[in-house]
Amino acid sequence: MVDSFINKQKSKLNGYNVSQCLRMFGVSDSGYYAWKGRKEDIFGKQAEKKADRDAIKELMRRIIIARNGVVPGKRTFRVELFRRFGRTVNTKKIAALMAEMNIQAQMPHKDAYKHQASHNHVCAAPVNAVNQNFFIAPRRVILSDITYLYYGEYRTTFYLCVFRDAYTRENLGWSIGRYMSLKLVEEAYRDMMSGHAGELAEVMRTNEVYVHHDQGSQYLATSFTELLHDDGFVQSVSARGNSQDNAPMESFFGRLKTAILDMVAMCRDFTSARQLVDGYLKAYNSEHYQYDLAGLTPEEFYQYATTGVYPLDNYFGVPASIMMTGGDLKKVRRRYADEEAAARREASQKHREEKRLVDPEKVILRDQRLLKSVIDKWKDKEMTASNQITKMQAVLEKAKSALQFIKSLTEDKRSELKEPLAWRKYTELSYVFIMNELF
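Just so you know, we're using my numbering here: the sequence shown kicks off at 6 and counts up by one.
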């Protein structure tokens with residue numbers, strides 16, 4: 006309305022100027038020109054920005070499709086956008102676009118069957134040789150664990166065993182079966198050796214290679230222990246009840262279930278469920294770019310870590326030639342991480358030792374207080390029960406008297422009492438109101 010009035014005045018010989026028109030309508034000059042600029046920019050910068058955001062959204066949609074429907078987080082989106090499409094987008098913008106698209110990164114599921122089968126005696130378990138020093142070098146620490154998944158209408162359970170390089174995060178071998186058995190572990194181990202025996206043997210020439218796992222009975226079976234020993238591995242076992250001793254493996258299974266558990270549940274049979282999980286593990290090694298692996302896949306990072314040759318010419322727009330090498334960066338980060346981990350382990354060990362030692366007198370005094378507390382509770386219950394019994398016995402006597410009263414009534418009076426409200430007329434039947442208080 007204001008704009009059309011101004012245009013009419015401009016066409017007149019002695020019409021009002023723009024400022025006069027705006028004052029007539031109570032509109033500020035800055036507000037009018039800002040509105041006019043926005044109006045004229047419909048096909049300008051704003052349209053370009055919207056088109057760019059829409060283009061990024063389309064690329065994000067294609068990433069989700071490429072990851073078989075798994076919605077990654079903002080950091081993973083950032084890596085995927087650069088590696089797949091050469092687009093550099095900051096995480097704040099990605100988070101805003103995710104909100105506009107109404108998508109959220111998938112969250113982990115709790116592992117309900119974790120540690121069902123465990124070793125029976127901690128004193129007979131092998132030592133924890135790794136001691137949370139997971140990130141030594143490629144193929145130095147091999148982590149393993151078993152997790153469950155389910156499929157179909159009846160949530161039929163099946164199991165996955167994986168052997169995984171802690172340093173490169175590459176899944177070296179795995180097995181999928183209906184039972185959480187020794188056979189499942191041995192098949193996964195053989196799968197690892199069939200594809201990576203040469204790499205592992207090369208490392209064994211100069212260093213020890215650890216196979217680390219929890220106290221599951223499958224891993225501590227004599228046949229599997231001998232198999233590891235014969236192949237030259239050092240067996241390492243987590244402490245009971247300490248998930249941090251195998252934290253990278255626990256984290257991976259959490260991410261796996263976040264990504265595909267709901268999809269696996271939609272499978273109609275075991276064959277399709279197994280195929281889906283197998284496909285995800287293969288894609289994880291070769292297609293999942295990871296922020297913490299310098300934007301590489303696990304397979305690429307292994308090649309980079311062992312050769313020192315970075316597979317890209319630039320990293321998020323910065324030439325690789327002006328950056329420190331990934332190996333140097335990894336060493337610096339690992340040194341600080343190892344120092345922090347060592348301090349945590351020392352503090353944790355000290356805390357466990359302090360917690361394990363006890364003062365005999367304090368223990369006995371604590372037990373006495375506990376026993377007295379329990380006795381007092383039972384005494385209170387005994388007194389309450391005694392009072393309740395006394396009340397109920399008194400009501401029982403009134404009920405007996407009420408029965409005698411009923412028997413003494415005439416037939417007409419007894420017929421009248423078939424109506425419950427009529428009981429209120431007779432004090433001899435008042436015990437029913439006490440019954441309400443008791444029950």
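Glycine residues also receive a C-beta, built at the ideal position from the N, C-alpha and C atoms.
None of these values were measured; they are calculated from a predicted model.
Query                                                                                                : Result
Reduced DSSP secondary structure (H/G/I, E/B, other) of Asp34                                        : helix
Minimum C-alpha distance to Arg174 - residue among Gln308, Arg273, Val84 and Leu165                  : Gln308
Nearest neighbour of Asp267, chosen from Val282, Gly36 and Ala60 [CA to CA]                          : Val282
Identified DSSP bridge partners for Asn176                                                           : Arg169
Same chain, Cβ closer than 6 Å to Ile108, neighbours up to 5 away in sequence not counted            : Val76
Bridge-paired residues (DSSP) for Val190                                                             : Answer is none; Val190 lacks a bridge partner.
Residues bridged to His218 (per DSSP)                                                                : Val242
contact_flag[the stretch 235-250, the stretch 210-219] where n(CB pairs < 8 Å) is 3 or more          : yes
Segment contact, 8 Å Cβ cut-off, at least three pairs: the stretch 215-232 with the stretch 184-201  : yes
Nearest candidate by alpha-carbon position, reference Phe168, set Ala407, Thr161, Tyr224 and Glu158  : Tyr224
Reference Ala100; option with closest CA among Ala71, Ile61, Lys355 and Pro303                       : Ile61
Rounded straight-line distance, which links the Cα of Thr162 to that of Ala252                       : 24 Å
Pair within 8 Å by beta-carbon distance, Arg273 and Gly157                                           : yes
Element boundaries [beta strand (DSSP E), containing Thr152]                                         : Val146 to Tyr156
Residue environment, Asn392, which counts as buried when at least 16 other CB atoms sit within 10 Å  : exposed
Coil, strand or helix - Pro324 by DSSP                                                               : strand
beta-carbon Leu233 near the ligand MN non-hydrogen atom, thresh 7 Å                                  : No copy of the ligand MN appears in this structure; indeed no ligand is present at all.
Element boundaries [alpha helix (DSSP H), containing Trp383]                                         : Pro365 to Ser413
Option in Met209, Arg80, Leu422 and Val323 with minimal Cα separation from Ala407                    : Leu422
Thr276 (DSSP reduced to helix, strand or coil)                                                       : helix
Between the CA atoms of Arg357 and Asn176 - distance to the nearest angstrom                         : 34 Å
Helix, strand or coil at His124 [DSSP, three-state]                                                  : Caution applies to His124, whose pLDDT of 44 falls short of 50 and renders its modelled position unreliable; the value that the coordinates give is listed next. Coil at His124, not helix or strand.
Cβ separation of Met65 and Phe82, assumed to be a contact under 8 Å, to the nearest whole Å          : 6 Å
Local conformation of Ile141 per DSSP, three classes                                                 : coil
For Tyr155 and Thr276, the rounded distance between their alpha carbons                              : 12 Å
Lys98 - containing alpha helix (DSSP H), residue span                                                : Thr96 to Met106
Helix, strand or coil at Gly313 [DSSP, three-state]                                                  : coil
Inter-stretch contact at 8 Å, needing at least 3 Cβ pairs: the stretch 246-263 / the stretch 141-155 : yes
Cβ-Cβ distance between Arg208 and Arg144 below 8 Å                                                   : This sequence places Val at residue 208; Arg is not what is there. Cβ distance < 8 Å, so Val208 and Arg144 count as in contact.
Burial state of Ala104 (16 or more Cβ within 10 Å)                                                   : exposed
Candidates Leu187, Lys188 and Gly178: closest to Ala202 by CA position                               : Gly178
Check whether Gln111 and Thr263 have beta carbons under 8 Å apart                                    : yes
Opening and closing residue of the alpha helix (DSSP H) in which Pro425 lies                         : No alpha helix (DSSP H) holds Pro425; DSSP gives it neither H nor E.
Val84 - containing alpha helix (DSSP H), residue span                                                : Lys79 to Phe90
Best match in Glu304, Tyr296 and Ser222 for proximity to Ala288 [C-alpha to C-alpha]                 : Glu304
Leu362 (DSSP reduced to helix, strand or coil)                                                       : coil
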